[in-house]
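The block underneath contains the structure these notes are about, expressed in structure tokens.
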Amino acid sequence: MEINENSSREDVLAALNLRNDMLMRVDEKFRSDREVVLAAVKACGNALQYASDELKADREFVLTAVKGNGYALQYASDNFKADREVVLAAVKSHVWAFQYASDELKADREFVLEAVKSHGKALQYASDELKADREVVLAAVKQSGYPLQYASDDLKADREVVLAAVERFDDALEYASDDLRADREVVLTAVRTVGIGAWGGALRYASDDLKADREVVLAAVKSYGWAFQYASDELKADREFVLEAVKSHGWAFQYASDNFKADREVVLEAVKTDGDALQYASDDFKADREVVLEAVKTYSYALEYASDDLKADREVVLAAVKACGNALQYASDELKADREVVLTAVRTVGIGAWGGALRYASDDLKADREVVLAAVKACGNALEYASDNFKADREVVLEAVKSHGKALQYASDELKADPELIKILS
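For the sequence shown, our numbering assigns the number 255 to the initial residue and increments by one for each residue that follows.
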């Protein structure tokens, strides 16, 4: 949209929805228009720099602006960067706005305490004195854990502070003192922390002794299988422990010593909890019917790692496509032409089933009316992969559109203009 000196107020507001840098391009008169500037600032905090001096000096306006986009504080006048209410509103909108606050506020204990209770990461911009203030840091790490990295060295060695941090964010252990990384209770707390903000990597920051501690490592693996990569070599080579680990989380299997990749019991236990572990097994087990059957039951896409013979095994492939139809892509060409197998696959809709399994079926089955109808009922976008005659078949297209409105894009030109089909979309 072109904006010039003749553009109306409505044109400018509409343009701001399309380009968040539009305020720098508009006529000077609009830079004093509260509604126009606020719309610009909400889209991009940087827009405040183009506002009129009058608006930048208007406290009520600046307060409204930073509530909509905290980054606008960067372009507010210095007196507002020292205004408690304005800065706190900015920080609540976006924590990184605190970097633009005055040095006085960054050193104001009461203010920083309130800021870190809203966003623990605000501690990053606090004064060094407050980064060493136990109450302030405790409040920050209780909010998110992550801010432990900004605390003073003394507080990184404070057991209560570090425990509070790792209870919120497991990887905060990285910032703890060496002594606390060797503290069994602290590390156990960290590796058991799951949920939002937990990455499962706390074990990597533990002391070497604790990476060799069976209880600690098993707790880490139970939370996140990939934590096993940080275990000691001794535990990775301990058969009894590896069995226990893969029973908790099959993902741990990839980090076990190589000799276990050829250990049938270990492989079987691993794929029972996570079929994806099959990719790390020796070729012998990728051709082992019992092992592969267990794998595809827990992760249908494990069929990809099976031997060619098992990709042509009807029972194995049926087990896979019953869990997720798209596993059909890894079946042999013969089974992609097997009507029962394909019908089972196209009726199974799972994660990532855009277009369903029909895309992997043989050309003959893409031209089979019953198969195509079953496919589009389960996933309308399967119409894309049906033979062309069905894209002009009103009943088939109707079922596809009922399942997913966007499927109409794959219909014939005539049906794309069908009033009844179009009505379904409205």
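Every residue, glycine too, gets a C-beta built ideally from N, C-alpha and C.
Since residue i and residue j are thought to touch, with beta carbons under 8 angstroms apart, how far apart are those beta carbons, to the nearest angstrom?
i, j, result
"L427", "A411", "In fact, because the Cβ distance is near 13 angstroms, the residues do not count as touching under 8 angstroms."
"S381", "A361", "4 angstroms"
"V600", "A577", "V600 to A577, Cβ: 14 angstroms. No contact."
"A556", "G529", "4 angstroms"
"G479", "G504", "7 angstroms"
"L317", "E339", "7 angstroms"
"K371", "L377", "Rounded, the Cβ-Cβ distance is 11 angstroms, inconsistent with contact."
"Y379", "Q353", "5 angstroms"
"D387", "R363", "7 angstroms"
Kindly indicate the opening and closing residues of the alpha helix (DSSP H) around residue i.
i, result
"A474", "R468 to S477"
"N643", "D642 to K645"
"T552", "R543 to T552"
"V370", "R363 to S372"
"N333", "D332 to K335"
"E414", "R413 to R422"
"L434", "D432 to R435"
"A599", "R593 to V600"
"P401", "Taken as a continuous stretch (DSSP letters only), P401 belongs to no alpha helix (DSSP H), as it is neither H nor E."
"L359", "D357 to K360"
"F495", "R493 to S502"
"F315", "R313 to G322"
"K660", "No alpha helix (DSSP H) holds K660; DSSP gives it neither H nor E."
"K515", "Careful: K515 lies outside any alpha helix (DSSP H) and carries neither H nor E."
"E588", "D587 to K590"
"S347", "R338 to S347"
"L612", "From DSSP, L612 is part of no alpha helix (DSSP H); its letter is neither H nor E."
"E668", "D667 to K670"
"K490", "D487 to K490"
"F539", "D537 to K540"
"D407", "D407 to K410"
"D622", "Note, D622: premise wrong, no alpha helix (DSSP H); not H, not E."
"D568", "Note on identity: in this sequence residue 568 is Arg, with Asp being the wrong assignment. Residues R568 to A577."
"T447", "Segment: none, T447 is in no alpha helix (DSSP H) and carries neither H nor E."
"E428", "Where E428 is concerned, there is no enclosing alpha helix (DSSP H), given that its DSSP letter is neither H nor E."
Take residue i and list the residues in its own chain whose beta-carbon comes closer than 7 angstroms to its own, dropping the five residues that flank it on each side.
i, result
"G606", "With a pLDDT of 48 at G606, under the threshold of 50, the modelled position of this residue cannot be trusted; read the value that follows with caution. N580, listed in sequence order."
"K296", "G322 and N323"
"E564", "Note on identity: in this sequence residue 564 is Leu, with Glu being the wrong assignment. These residues qualify, in order along the chain: A541, R543, V546 and V570."
"L652", "L675"
"A319", "L292, V295, L302 and A326"
"S477", "V445, R446, V448 and G454"
"Y768", "Residue 768 lies beyond the range of the chain shown here (255 to 680); nothing can be said about it."
Between the Cα of residue i and the Cα atoms of the options, which residue gives the shortest distance?
i, options, result
"R422", "D437, A436, R446 and R438", "R446"
"V500", "A524, L564, S680 and E414", "A524"
"V575", "T598, V655, Y559 and H373", "T598"
"V475", "A510, D462 and S461", "A510"
"S680", "A665, Y664, H658 and K565", "H658"
"A640", "A632, K660, Y664 and V416", "Y664"
"V655", "E358, N635, L572 and A646", "N635"
"D642", "A632, D433 and L669", "L669"
"A491", "S477, A473, R468 and V290", "R468"
"Y681", "V416, D387 and D332", "The requested residue 681 is not part of the displayed model; the chain covers only 255 to 680."
"A632", "L612, D617, S616 and A646", "L612"
"E488", "L497, E498 and A466", "A466"
"V603", "A646, D617, S554 and S616", "S554"
"S406", "F315, D672, V448 and S431", "S431"
"F514", "F495, S502 and R313", "F495"
"R435", "A460, D424 and R413", "A460"
"D424", "A661, G610, D437 and L457", "L457"
"S502", "T527, A481 and V520", "T527"
"S398", "D647, R413 and G374", "G374"
"W350", "F365, A369 and D672", "A369"
Excluding five sequence neighbours on each side, which residues of the same chain lie with their C-beta closer than 8 angstroms to the C-beta of residue i?
i, result
"R593", "L619, D622 and V625"
"E566", "For the record, residue 566 in the displayed sequence is Ala; it is not Glu. Only A585, S586, E588 and L589 meet the Cβ criterion."
"V650", "R623, V626, L627, V630, L637, A640 and F644"
"L595", "Reading the sequence as shown, one finds Val at residue 595 and not Leu. Taken in chain order, the residues that qualify are R568, V571, L572, V575, L582, A585 and L589."
"D462", "S486"
"D517", "R493"
"A646", "A665, S666, E668 and L669"
"L683", "It is not possible to answer for residue 683, since the shown part of the chain is limited to 255 through 680."
Only counting the same chain, and skipping five residues up and downstream in sequence, which positions put a Cβ closer than 6 angstroms to that of residue i?
i, result
"L464", "V441 and V470"
"Q508", "Y534"
"L402", "V395, A419, A426 and Y429"
"S486", "K465 and A466"
Residue i CB to nearest chain C CB: under 9 angstroms?
i, result
"V650", "Considering every chain present, this structure includes no chain C. It has just one protein chain."
(request) Taking 8 angstroms as the threshold, find out whether the segment 333-353 comes into contact with the segment 389-398 through three or more Cβ pairs. (result) Touching, no.
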